[in-house]
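Written out below as C-alpha cells is the structure these notes cover.
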Amino acid sequence: MADPDAPDEGLLIDGRRVPSASGARSPIRNPATGEVLAYVAQAGVDDAQAAVEAARRSYEGGAWRRATPAERARVLLRLAELIRANAEELARLESRNVGKPIGESRGEVGMGADCFQYYAGQIPTFGGRTVPVSAPGTGLTFREPVGVCALIVPWNFPFAITTWKVAPALALGNSVVVKPASATPLTALRLGELALEAGVPPGVLNILPGPGGAVGAALVTHPAVRKISFTGSTEVGSGVMKLAADDIKRVSLELCGKSANLVFADADLEKAGAAVFSVFGNAGQDCCARSRVLVERAAYAEFVERFVERTRALRIGDPLDDATEIGSLISPEHRAKVDGYVRKGVEQGARLCIGGQVKRGGAYDAGSFYEPTVFADVAPDMVIAQEEIFGPVVSITPFDSEDEAIRLANGTIYGLSGSLWTRDIGRALRVVRAVETGVISVNTSWSVHLEMPFGGVKRSGVGRELGPSALEHYSESKSVFIAEL
Ligand code: NAP
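Residue numbers (the working numbering): 579 to 1063.
Pasting the structure below:
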C-alpha cells in the first residue's frame, strides 16, 4: 500500500537531515495496519563514510569532548526534558512503527528520558583516581573518551536501546553514529533532532538508517571507529566481532536469549502465574523473554492451569488502544518464522494448551498478529525449548529438585535473563548464584533497571550496558606516573 502523502525522512549527518548519496529510500510501515508511515532515506557505504567523518571532525574539534562536565550534563538534562515534553508523540510513533502496545511505548520513552538524566548525573562523579605506587612519585588514572563509536540497534526496542547507548557515550564526550534497524528508524531520527535542539553540537550524534549488511558492516570496519556497541542476533553479533578483530576495536554485544522462569512449589502461584508478561510483553519479541517456564512438579498442574487462564484473558489488538496488552509482530515474515516454531513444537510432541495460530479476522488481517501460545510438557531438548523464537510462545517443563531446575535453566547456549519464584530466601540465594545468566530477578519479572548493569553470558553477549558499567564501555583508562623531583 503506497502512500504519496507519507513524509520523507532524511539521514541525520553533521546536524542536517539529508537524502542518501544514492537517492535510495524505503517505505517504513506500521506492522499492525500495513500503512506507510514515512519514506526513509537508505544510507549506503558513502553515507557511512560521511557520517563517520562528521563524527570524527566533531570529536577532534573538541566542542563536545572538551565541554566541562557541568556543560555536558546540562545538555543531557535538557534532552531528557525535551523527550518528556514530546513523550506522547514519541510513544505513538514507536507504537505505530513497531506494533507494540502504547502503554509499553510510554514506559520505554519515559525510561529513555530517565536514561539521559541518569548519565547526566554520572558525569561529574566518573573519573580516575590516585594510586599508591611502589616508587617515589604519584600514580594517577584518567578516564578518557574512546572517540568515534558505532551504535547498532535492533527493531524490538528501538527508542529505549538507542538511549541506553547514546546517553553514556555522549556523557563521556564521545561522538557517535547510530545505525537503527531498517524496519524501525523513526524514533531514533526524532531523538537526533531533539538532541540538536538540546544543544548537542552537530556531528556528535549522527543517525544512519540503512541496510545492516552494507551500512552496519561499513561502520564496523571503518578505521576511525574505535568502539562498536551492537544489540541484535547472536549470528550477526558474532560476524560483527570477527569484522572488528583486525583493528582490535572495542566491542560490546547484547544478543539472543532463551531465559528461564523457575517456579518452586512454595511460591506465590498467583503472582508467578501473572508473570505472563515476562514472556508475552512486546509480543514475545524481547531478548529477556522468559520463554521457558520450569515448574516444580508439586505445583505443576495448578501453575499450568493458572498460566493458561491468564493467557486466555490477554487483550490482543490495536497497539494505540490503551487497553491492548499484545500488539502485532514486526512483519509477516517474522510471524511465519514464529508459526514455524509452533508447528515444530506440535510435531515434536509438546502439549499445545492455548494459541498456536495466526490471529485472523477483521482488523487483524491487515497486521501480523499471532495468538499467545502456551506449550506444556515440553522436553528440554525440543527445538522450542532450545532456540530463541522471539514471539509469543512459552514452553512449560516440570522439574523434581533444585539441582534439576538449575541444570535445566543452564541447559541452553544462552544466558541473558531469568526469574525465580520462591518464599525460601536461602534457596533464592543458592539458585540465583547457580544460574548462568547476566540478570535475574526474584519474585518479580522486572529485571531491567537503568541503574544496574545489563547484559548476558555465554552466547547472549559480552559486556554490560546501563548503570555505571556503561561508562566503562565508552571510556579508556589512562595511567600517569609523575616522578618526585
Ligand atoms: P539483527 O538482525 O541481528 O540486527 C540487529 C542490527 O544489526 C540491525 O540494525 C541490523 O540492520 C544490523 N545488522 C544486520 N547485519 C549487519 C552486519 N552485517 N553488520 C552490522 N550490522 C548489521 O537483529 P534484529 O532482528 O534487528 O533484532 C532481534 C534480535 O536482537 C533478537 O535476536 C534479540 O534477542 C536481540 N536483542 C538482544 C538484546 C539484548 O540486550 N541482549 C536486546 C534486544 C534485542 P538491519 O535492520 O538493516 O538488518
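Glycine residues also receive a C-beta, built at the ideal position from the N, C-alpha and C atoms.
- According to the DSSP assignment, N1021 belongs to no alpha helix (DSSP H), since it is labelled neither H nor E.
- One alpha carbon belongs to A914, the other to P970, and they sit about 13 Å apart.
- For T740, the three-state secondary structure derived from DSSP is helix.
- Closer than 7 Å to some heavy atom of ligand 1: that describes the Cβ of L833.
- Ligand 1 has a heavy atom closer than 7 Å to the beta-carbon of F735.
- Excluding five sequence positions before and after V1020, the CB atoms of its chain that fall closer than 8 Å to its own CB belong to S997, L998, W999, T1000, A1006, V1010, given in chain order.
- If you draw a straight line from the Cα of V814 to the Cα of G1034, it comes to about 16 Å.
- When DSSP states are grouped into helix, strand and coil, G940 belongs to the helix group.
- For G715, the uninterrupted beta strand (DSSP E) segment begins and ends at 715-723.
- For A838, the beta-bridge partners assigned by DSSP are R870, G996.
- Three or more pairs of CB atoms, one per stretch, sit closer than 8 Å, so the segment 650-667 contacts the segment 770-784.
- Non-local beta-carbon contacts of T740 in its own chain, meaning distances under 8 Å to residues more than five positions away in sequence, involve G690, L729, V731, V756, P758, T765, A766, L769 in chain order.
- Relative to the Cα of S869, the nearest Cα in the group I967, E880, D1002, A651 belongs to I967.
- Of the heavy atoms belonging to ligand 1, none sits nearer than 7 Å to the Cβ of K820.
- Apart from the 5 residues on each side of it in sequence, A957 sits with its Cβ closer than 8 Å to the Cβ of Q926, G927, A928, A963, T975 in its chain, given in chain order.
- Below 8 Å, enough C-beta pairs join the segment 619-639 and the segment 780-791 to call them touching: three or more.
- Here the distance from the Cβ of L998 to the nearest heavy atom of ligand 1 is not below 7 Å.
- Here the C-alpha atom of A628 lies approximately 16 Å from the C-alpha atom of G790.
- Relative to the Cα of S1057, the nearest Cα in the group N664, A626, V871, V711 belongs to V711.
- Going by beta carbons, G851 and R884 fall inside the 8 Å limit.
- Taking 8 Å as the cut-off, the beta carbon of V803 is found closer than this to the beta carbon of K827.
- Under the Cβ criterion (8 Å, minimum of three pairs), the segment 591-600 does not count as touching the segment 743-751.
- With a cutoff of 8 Å on beta-carbon distance, A1061 and P714 are scored as near each other.
- Taking 3 residues as the shortest admissible run, the segment 917-974 contains the following complete beta strand (DSSP E) segments, listed from N- to C-terminal end: 929-932, 951-954.
- No residue range can be given for V731, since it is assigned to no beta strand (DSSP E) and is classified by DSSP as neither H nor E.
- Looking from the CA of S1038, the closest CA among I991, S1053, V1013, L1063 belongs to I991.
- Annotated as distal: Y1052 and N608, with beta-carbon spacing of 8 Å or more.
- Nearest neighbour of L847 by Cα position, chosen from A879, G622, I701, S909, turns out to be A879.
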